[in-house]
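One structure below.
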Amino acid sequence: MSARELSYLEAIHEAQLLEMTRDPRVILLAEDIGLMAAAGPYAALGKNRLWSTPISESGFVGMAVGAALTGLRPIVDLVISSFAYVAMDQIVNQSAKAAGMFGWQRRVPFVLRAAMWYGQNMAAHHSDRPYPMFTNVPGLKVALPATPADAKGLLLSAIRDDDPVLIFEDRNLFAMRGPVPEGDAAIPLGRAAIRRDGRDVTIVALAACVGHALRAAEALARDGIDAEVIDPRTLVPFDREAVFRSIAKTGRLVIADPAHKTTSFAAEIAALVAEECWDALRAPIRRVCTPDVQIPFSPALEHTLYPDADKIAAAARSVLGVR
Amino acid sequence: MSARELSYLEAIHEAQLLEMTRDPRVILLAEDIGLMAAAGPYAALGKNRLWSTPISESGFVGMAVGAALTGLRPIVDLVISSFAYVAMDQIVNQSAKAAGMFGWQRRVPFVLRAAMWYGQNMAAHHSDRPYPMFTNVPGLKVALPATPADAKGLLLSAIRDDDPVLIFEDRNLFAMRGPVPEGDAAIPLGRAAIRRDGRDVTIVALAACVGHALRAAEALARDGIDAEVIDPRTLVPFDREAVFRSIAKTGRLVIADPAHKTTSFAAEIAALVAEECWDALRAPIRRVCTPDVQIPFSPALEHTLYPDADKIAAAARSVLGVR
Amino acid sequence: MSDLDLREMYRRMLRIRRFDERSLEVQREGGAIPGPLHPSTGHEAAVVGACAALRRDDWMTGNHRSHGHPIAKGAALAPLFAELLGKRGGVCGGRGGSMHLADFSVGSLGESGIVGAGLPIAVGAALSSRVRGTDQVALAFFGDGASNAGTFHESLNLAAIWKLPVVFFCENNGYAVTTSQAAATSVTDIAARAAGYSMPGVMVDGQDVVAVYEVAREAVERARSGGGPSLVEAKTYRFCEHAEGQGIPSHYRSAEEIEHWRARDPLTLARALLLRTGIAGGPEIAALDAEVEREIEDALRFARASEFPDVSEALRSPFASDAPR
Amino acid sequence: MSDLDLREMYRRMLRIRRFDERSLEVQREGGAIPGPLHPSTGHEAAVVGACAALRRDDWMTGNHRSHGHPIAKGAALAPLFAELLGKRGGVCGGRGGSMHLADFSVGSLGESGIVGAGLPIAVGAALSSRVRGTDQVALAFFGDGASNAGTFHESLNLAAIWKLPVVFFCENNGYAVTTSQAAATSVTDIAARAAGYSMPGVMVDGQDVVAVYEVAREAVERARSGGGPSLVEAKTYRFCEHAEGQGIPSHYRSAEEIEHWRARDPLTLARALLLRTGIAGGPEIAALDAEVEREIEDALRFARASEFPDVSEALRSPFASDAPR
Ligand SMILES: Cc1ncc(C[n+]2csc(CCOP(=O)(O)OP(=O)(O)O)c2C)c(N)n1
Ligand SMILES: Cc1ncc(C[n+]2csc(CCOP(=O)(O)OP(=O)(O)O)c2C)c(N)n1
Ligand SMILES: [Mg+2]
Ligand SMILES: [Mg+2]
């Protein structure tokens, strides 16, 4: 498998098209995809594979559950993750519970794609990063691709998975280019990627924070601090071993998570480490998250709120006790 | 103010009636309260105070937001907290964001009551304990009363508060009796209650876990272990000082939270402590939560899942390094 | 022709009646049936008439008033009864209980504890039929109360724009718990709402199983032949309280109203029709009644004898992918 | 009588048109207006006709196509323009932006980025009017696309059962982004959906401000006098793309269709009416146009001169109770 450069968004479409071509059970439901269905590569799939929906998120997410229970493997693209709330019951009560509650008579192979449009001057309604709450719902898998290759690879695995998988895409990365293997390049759910090896401090970074963390690591390296950067890639299942191994080495943990701080997934990682990895830990944990405020529209305000390389580097220095 | 014994459920109604009598701006929207409005103490409030709604949770939660923006102080009783998902957008995108997003032109004094029917043989759809996810939404306050007095006092404060307050009532406590002061017995949001003083280990317990924790503390006391039991009462705002003070004394923390473990509020507490209270901590933190599984119907299964006194005591022993 | 004849319809109605009555007895004895039960008594003609128009491989979604639907669709009684008791032999292995009965082997995609949640799921099953090129039809049962939920609206519109093979079947018993339809619903006939989706909306006497069957058959045939969805409203009544075992007040319906509907007990009407048409005589009916009685007792015996699931099952992974296929 | 006369209606329509055109220019110049804009151009008669029937103390909720509503309701232009630029002088202090304009001083309860979310909020405002014993009316603006959302259904039913003073006002421009009404909506006329709620449903030519005003006035009067809610559908068209600044494709509407609607530009029609009726002559209109032009330039100047909010504002508590009253 050779690797060319693709953008994150191109990689998503490559995975989606690949799997829709390979497996006739895969369908796509989303608003406003009539033009996409009518021309271009998706049109080649033939009839009945793309369903351009009305603005009825509960309705078509519920349809995906019904389709999944009866032999299809539907993908729903919510386009903007803040619209998940409108379909919340179908996601949380129906898709996540149906298989278990009906005694595993059937599976619910359902993929929900939802891009996070924070940092896009979209104001409070459109800027959410709602993945933490879904990790509190047993039965849902949650993926957060941070590179084009992962955008492709995780989506391939998600579509092939027999459980509901929620993929939160980071809108800030849509244009990011990177090597993406051609063909079947599935990346298993539940396996973290070590983005940078290091021995002084572990930075676990989610979504676009992975890039920020790598830039922070470069800055730290200039000060002689060797940071390890871990991208969990999926939050459920979570590759705790990768994190624990790293902390066994570094003894120090910073978590960079673009979600709001309180009850973020960073909280879960911190809790896991404080429970299971205590002996290795040599300093307080630091979370770098978005403060608990409604996202304001004004760029003068919004862009100050999210984690960035400076904030991550500062947190790393603080757990190392340096300025 | 003298205190008589009331049940938790009686205390809720006492607060609701008191405040509805005192303040004509307070109204109640809930399904199936037509009979309650027609006779008994609520009928004495007169016309237009109780609105028995259709099964349209998005609709009437949204109405509460509209009413709050235009001068009323609505209470919505969802009756069962699993129904919050159906109204999720109105709770998360509208009630929590409206005030800030509109530049604080208006406030949203809105109370959402939602009882958690776990442990009631109600199966997966009805047994959720969804409060953790709402603590990740800036703009929402979240209360978890664990005694009749708090059920009354926190509801009084919630109704008088100028922000949206979500009260998650614990159905397992409805029949619990306890002293409840008469009259205006508001309990401020954001102040924890030390339910038991102790010096060996801190147990932070939520909702019905407070009772379990007190029973655990008794068992521990028989082994000479002196546990402190803290009931935060509100998760947002969270009385972190009370927890930190306790850990400064005990150096050890167990958190008992009936929510599912991953990204529970227990995770947030653990993270806070691992960040802010590290120096005082002398042992790994332990969370006692509900495992991450869809709640099964069969009592043979369901009732094994939730935190109880034994599990809490075992966790306390483990952080103390005793068997 | 897979249509059930009147005798079989009567049998299934009686199964529902006796299943509900017997489960209420067991519940009242205490202990064996945990949680609430929402009996279908009174609704038997509506439920059976609707399902009689479906093939075994057609799909159906239900709601909290959940026992009648799978029975009418042809599910075996014993695993249903065992499910109410939370036993391993239950149709969902004891994980679902009364509100979440499902028997995929007969196309029962599951009852739902969330009012209105089953409608989109049925529409999705109908989409599945279209995509996979089968001619299966999906029927969604729901109540008058559910017709005020947003999912009702979204589902009817979705099915209509794509002409999906769905039948939206409203069991209108006039109440949502203690709230009358008039207090909560802005139309007198739920069927009138079909106009908002350019689909047929038909009302039918829900106590008359043959009338229901005929209306449902037309809707099912329309769906199967590509004519798109329909809304069917069966006017019916529940003979019990909303849920038994929950202490719900009972003084919201007048004695006359109850009497009026009791006089049109669907079982009595069906029995009379069997006799009048000569499809079955008295002794034949008696034999059938006895047979159903035996089925119920066998089912209950099975349920009681079945073990509780092993406690280790409680910690089973929430993911299907973690289980052996 | 608070009704606006035709001259004033024309003025507000022109304000909307020029506000949108000018803000698009500023957006295209780059930098000053972040995020998307959803212009109301083409909708001016619908929006102004509806608001002209409202009193200043009546309430209104909007949607993402958000500039026209507060302007029509009488909001000052300068704070609106400053809001688009994210400035401290914005009507929401720069916190809301284009999609979340709100001006409570004129009854504008806020535009919403979530399609369909504003309808229940308007119903709640109407409930508030009932409870507080005022005679205020609430009007909810929404699009044809929103009429397929569950909140549409729940809101209309809730308003209907309680006969609340609400006007549901649909700006039907035939599309939701690039999706035609025919592709997504199971009725030809949204107004037909009123039948599902036993309320009047009225269609009106959305390019004719007087026609809209008359229909809206009837609905508002019905609401104010206790007659309950109505659904009004104005057939209109958007002259721009769904959102500017987002790269949305533009080849989903035929040139003839656009031409057909452009020929019925609501501004042109209103101007012609002013002249025909003699309510205003050419010079008077020219003076009015110049006045609006000045207002727009003043507003833009104010917006540009206004400072950005202080960065400390970003960390302001999310709770109103933490602020001084
Ligand atoms: C979303 C949601 N809201 C409320 C409830 C509580 N509830 C359960 S059944 C019911 C009444 C349903 O009435 P209807 O749809 O007419 O069915 P019926 O019980 O009359 O058969 C209500 C309100 C629920 N289960 N789900
Ligand atoms: C719940 C929700 N789903 C999807 C969107 C994305 N979206 C924004 S505007 C729009 C189209 C709305 O169409 P319509 O209601 O007809 O209003 P118009 O834009 O035509 O004025 C869509 C799909 C959204 N904002 N909210
Ligand atoms: Mg009913
Ligand atoms: Mg439109």
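Residue numbers (this note's numbering), protein chains in the order written: chain L, 437 to 759; chain S, 437 to 759; chain G, 618 to 942; chain F, 618 to 942.
Beta carbons are placed, not taken as given, at the ideal position from N, Cα and C, and that holds for glycine.
#1: Chain L beta carbons: is any one of them nearer than 8 Å to that of F/His684?
#2: Whose C-beta lies closer than 6 Å to the C-beta of F/Pro656 among residues of the same chain, with five residues either side of it excluded?
#3: At least one CB of chain L closer than 8 Å to the CB of F/Arg645: is that the case?
#4: Does the beta carbon of S/Trp714 sit closer than 8 Å to a beta carbon anywhere in chain L?
#5: At the level of alpha carbons, what is the spacing between G/Gly813 and F/Phe785?
#6: Alpha carbon to alpha carbon, how far is G/Gln753 from G/Val783? Give it in angstroms, no decimals.
#7: Where does F/Gly843 sit, in a helix, a strand or coil, going by DSSP?
#8: Would you list, in chain order, the members of the stretch 590-602 of chain S that have their beta-carbon closer than 7 Å to a beta-carbon of chain F?
#9: At what residues does the alpha helix (DSSP H) containing L/Met456 begin and finish?
#10: Going by beta-carbon coordinates alone, are G/Ser587 and G/Met716 separated by less than 8 Å?
#11: Quick one: give me the first and last residue of the alpha helix (DSSP H) that F/Phe629 is part of.
#12: Indicate the three-state DSSP secondary structure (helix, strand or coil) for S/His696 in the structure shown.
#13: Suppose you measure from the CA of G/Ala887 to the CA of G/Ile688; what does that come to, to the nearest Å?
#14: Let's see if you can read the secondary structure: which residues bound the beta strand (DSSP E) around L/Lys577?
#15: At 3 residues or longer, what runs of the beta strand (DSSP E) sit wholly inside the stretch 775-814 of chain F?
#16: Can you tell me whether F/Met618 is buried or exposed? The criterion is at least 16 other CB atoms within 10 Å of its CB, across all chains shown.
#17: Taking just the CA atoms, how far does S/Pro600 sit from S/Ser531?
#18: At a cut-off of 7 Å, would you count L/Tyr521 as near ligand 1, judging by its Cβ distance to the nearest heavy atom?
#19: Closest to S/Leu508 by C-alpha separation, out of S/Asn529, S/Arg723, S/Leu486, S/Val515, would be which residue?
#20: Could you tell me the boundaries of the beta strand (DSSP E) in which S/Gly614 lies?
#21: Does DSSP put S/Leu589 in a helix, a strand or coil?
#22: S/Pro774 to G/Leu756, Cα distance in whole Å?
#23: F/Tyr792: beta carbon under 7 Å from a heavy atom of ligand 2?
#24: Give the range of the alpha helix (DSSP H) segment to which S/Phe680 is assigned.
#25: Helix, strand or coil: which one does DSSP assign to L/Cys645?
#26: According to DSSP, is L/Leu548 part of a helix, a strand, or is it coil?
#27: Note down, in chain order, every chain L residue with its Cβ under 7 Å from the Cβ of S/Thr457.
#28: My understanding is that F/Gly659 touches F/Thr853, with C-beta atoms under 8 Å, so please give their C-beta distance in whole angstroms.
#29: Would you mind sorting G/Leu932 into buried or exposed? The rule is 16 or more other CB atoms within 10 Å of its CB.
#30: Do L/Ala551 and L/Glu605 have their CB atoms nearer than 8 Å?
#31: At a CB-CB cut-off below 9 Å, which residues of chain F make contact with G/Asn789?
#32: Closer than 8 Å, CB to CB, is F/Pro994 near chain S or not?
#33: Which residues bound the beta strand (DSSP E) around S/Ala663?
#34: Ignore the nearest five residues each way along the sequence and tell me which others in G/Trp878's own chain have a CB closer than 6 Å to its CB.
#35: Of all the options F/Leu654, F/Lys690, F/Ser746, F/Ala670, which has the alpha carbon lying nearest to the alpha carbon of F/Glu838?
#36: For F/Leu744, which of helix, strand or coil comes out of DSSP?
Taking the definition as stated:
#1: no
#2: Asp637, Cys857
#3: no
#4: yes
#5: 15 Å
#6: 9 Å
#7: coil
#8: Asp597, Asp598, Asp599
#9: 444-458
#10: No answer is possible for residue 587 of chain G: the residues shown for chain G start at 618 and end at 942.
#11: Looking at the sequence provided, one finds Arg at residue 629 of chain F rather than Phe. It spans 623-646 - the alpha helix (DSSP H) in which F/Arg629 sits, taken as one unbroken run.
#12: strand
#13: 17 Å
#14: 577-579
#15: 783-789
#16: Because F/Met618 sits at a pLDDT of 31, beneath the cut-off of 50, its placement in the model cannot be relied upon, and the point is left open.
#17: 6 Å
#18: no
#19: S/Leu486
#20: 613-617
#21: Per the sequence shown, the amino acid found at residue 589 of chain S is Gly instead of Leu. The answer is helix: DSSP assigns S/Gly589 an H, G or I state.
#22: This structure cannot speak to residue 774 of chain S, because chain S is shown only from 437 to 759.
#23: yes
#24: 676-686
#25: helix
#26: strand
#27: The contacting residues do not exist; S/Thr457 stays about 34 Å from chain L at best.
#28: 6 Å
#29: exposed
#30: yes
#31: Under the 9 Å cutoff, chain F gives no residues; its nearest Cβ is about 15 Å from G/Asn789.
#32: Any property of residue 994 of chain F remains undetermined from this structure, which presents chain F solely from 618 to 942.
#33: 663-667
#34: Tyr854
#35: F/Ala670
#36: helix
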